Amino acid sequence: MNHETLLPVETTAVTKPQKRSRFRAARFAFVVIIIATISISFFTVRKRPAQQIVWLTGPEFHQAYDGGWRRIEGKLPLWILRLWSRFTPKQPGISVKASLFTLSSPIELLDLGAAITTNANGTRAWILSSAQAKTLIDRVERTDHVDGMEHLEIITAAGSSAQIQSVTTSNFGGKPVSIGPIISICPRVSGKDINLLTEVYISGWSLPPSNTAPAPELKFDAACRAIVPKGGALVLLGGTDKDIKDGTHLCILSSQLKK
């Protein structure tokens with residue numbers, strides 16, 4: 013009887029193209045496109061405006077405040093945001109201090125000089141150095157014609173949006189209403205300066221005729237983008253037409269880079 017030795021048959025596995033490697037390549041290409049798009053949008057937004065102060069309407073402000081990177085960021089997966097953070101340097105912190113005053117004295121006493129610009133509602137604006145801003149705040153605090161005074165501060169990363177507010181919630185007509193100042197900011201570093209996007213909104217109670225209950229009303233509302241020297245301040249002065257009898261609202265926004 014012949015015994016044949018059966019040798020193991022060598023088999024060669026036919027490998028199919030792996031879908032996982034294709035997916036990784038596609039994902040990498042998608043990330044490159046996203047990063048390029050975000051980079052173009054980011055550096056386009058950071059262009060220095062031609063004017064030192066640019067007034068914005070409400071829709072223009074909210075488009076700049078809520079749009080751009082913030083709008084894209086809310087729609088991106090977490091893994092893309094983490095990857096994006098590796099390619100971008102950590103942004104420095106910026107401290108924004110808001111000094112709010114309600115004045116009943118003539119503005120000439122403030123010795124501010126001519127305003128840089130005035131918007132359609134009559135709100136005037138100035139850009140001051142750090143020393144000038146400190147002198148102005150000291151002068152206002154010493155005057156006897158200040159009906160209201162508040163000092164608020166917030167620290168946020170450059171390019172991040174934030175709000176400073178000091179409001180009380182009251183019931184009016186069966187609905188809660190917020191009374192007080194709300195300041196929305198988005199500061200960026202622009203060379204030796206700070207590019208400050210801001211909206212200052214102040215609400216209060218009206219002074220109605222006798223036998224009439226007070227109602228909430230707008231006291232001050234202004235939005236702009238300003239180039240402020242580091243440590244300097246944006247000064248806004250104005251008020252609504254109905255508010256002239258109540259005084260004039262002075263807002264001093266001081267910006268300082270934090271290390």
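Take 13 as the starting number for the sequence shown in the numbering used here and just add one per residue. All C-beta atoms, glycine included, are put in the ideal place defined by N, C-alpha and C. Source: prediction; values computed, not measured.
- prompt: DSSP three-state call for A25: helix, strand or coil?
  reply: Mapped onto the sequence shown, residue 25 falls at position 13. Any reading at A25 is ruled out, since the residue's pLDDT is 49, under 50, leaving its predicted position unreliable.
Close-in-space but distant-in-sequence residues of the same chain around I149 (CB under 7 Å, 5 per side omitted): As a working mapping, residue 149 is identified with position 137 in the sequence shown. So the qualifying residues of the chain are S111, I264.
message: Quick check: the Cα distance between G250 and R200, rounded to an integer number of angstroms?
response: Working through the sequence shown from its first residue, we reach residue 250 at position 238. Working through the sequence shown from its first residue, we reach residue 200 at position 188. The straight-line gap from Cα to Cα measures roughly 25 Å.
message: The alpha helix (DSSP H) that contains L148, what's its start and end?
response: Locating residue 148 in the sequence shown gives position 136, where the first residue counts as 1. Looking at the DSSP string, the run of the alpha helix (DSSP H) that includes L148 is 142 to 154.
task: Can you tell me which of I106, T130, S116 puts its alpha carbon nearest to the alpha carbon of Q64?
output: The residue given as residue 64 occupies position 52 in the sequence shown. If we check each option's Cα against that of Q64, T130 comes out closest.
query: Of the choices T114, G105, H74, whose alpha-carbon is the least far from that of I214?
result: On the sequence shown, position 202 is the one that residue 214 refers to. Nearest C-alpha to I214: T114.
- prompt: Does the distance from the C-beta atom of S266 to that of A235 stay below 8 Å?
  reply: Taking the sequence shown and counting its residues from 1, the one referred to as residue 266 is at position 254. Taking the sequence shown and counting its residues from 1, the one referred to as residue 235 is at position 223. Here S266 is not near A235, since their CB atoms are 8 Å or more apart.
query: Where do the ends of the alpha helix (DSSP H) carrying A76 lie?
result: On the sequence shown, position 64 is the one that residue 76 refers to. Here the alpha helix (DSSP H) through A76 covers 70 to 78.
message: Helix, strand or coil for L265? Go by DSSP, reduced to three states.
response: Numbered from its first residue, the sequence shown carries residue 265 at position 253. If DSSP states are grouped into helix, strand and coil, L265 belongs with the strands.
task: Check whether the Cβ atoms of S196 and T210 sit closer than 8 Å, and answer yes or no.
output: Walking along the sequence shown from the start, residue 196 turns up at place 184. Walking along the sequence shown from the start, residue 210 turns up at place 198. Yes; because the gap between Cβ atoms is below 8 Å, this pair is in contact.
message: Rounded to the nearest angstrom, what separates P228 and L219 at their Cα positions?
response: For the purposes of this step, residue 228 is identified with residue 216 of the sequence shown, where counting begins at 1. For the purposes of this step, residue 219 is identified with residue 207 of the sequence shown, where counting begins at 1. In a straight line, the C-alpha of P228 is about 10 Å away from that of L219.
Beta-carbon contacts of P104 that lie in its chain and below 8 Å, excluding the five residues immediately before and after: By one-based count along the sequence shown, residue 104 stands at place 92. If we look at P104 and ignore the five residues flanking it on each side, its Cβ neighbours are A169, A170, V201, L269, K270, K271.
Under the three-state DSSP convention, the category L122 falls into: Along the sequence shown, read from residue 1 onward, the residue named residue 122 stands at position 110. When secondary structure is reduced to three states using DSSP, L122 falls in the helix class.
- request: For T224, name the three-state secondary structure that DSSP assigns.
  value: In the sequence shown, the residue the question calls residue 224 occupies position 212. In the three-state reduction of the DSSP assignment, T224 falls in the coil class.
query: Whose CA, out of S172, I176, P221, lies closest to the CA of E162?
result: Position 150 of the sequence shown, counted from the start, is the residue given in the question as residue 162. Out of S172, I176, P221, the CA that lies nearest to the CA of E162 is found in I176.
task: Check the DSSP bridge columns for A235 and list the partner residues they point to.
output: Working through the sequence shown from its first residue, we reach residue 235 at position 223. Residue pairing for A235: DSSP places it in a beta bridge opposite E211.
CA-to-CA distance, C198 to R58, given in whole angstroms: Taking the first residue of the sequence shown as position 1, residue 58 is located at position 46. Taking the first residue of the sequence shown as position 1, residue 198 is located at position 186. Here the model assigns R58 a pLDDT of 46, short of 50, so the residue's position is not dependable and the matter cannot be decided.
field: Contact under 8 Å by Cβ, S116 with H74
entry: Residue mapping note: residue 116 aligns to position 104 of the sequence shown, counting from 1. Residue mapping note: residue 74 aligns to position 62 of the sequence shown, counting from 1. Their beta carbons are not under 8 Å apart, which means S116 does not touch H74 by this criterion.
Cβ shell of S141 (< 7 Å), same chain only, five flanking positions each side left out: What you label residue 141 is simply residue 129 of the sequence shown in a count that begins at 1. Excluding residues within five positions, the ones whose Cβ falls inside 7 Å are P241, G244.
- request: Give the single residue among F232, L208, D205, K204 whose Cα lies nearest to the Cα of I194.
  value: As a first step, residue 194 must be located in the sequence shown, where it is residue number 182. That would be F232, whose Cα lies nearest to the Cα of I194.
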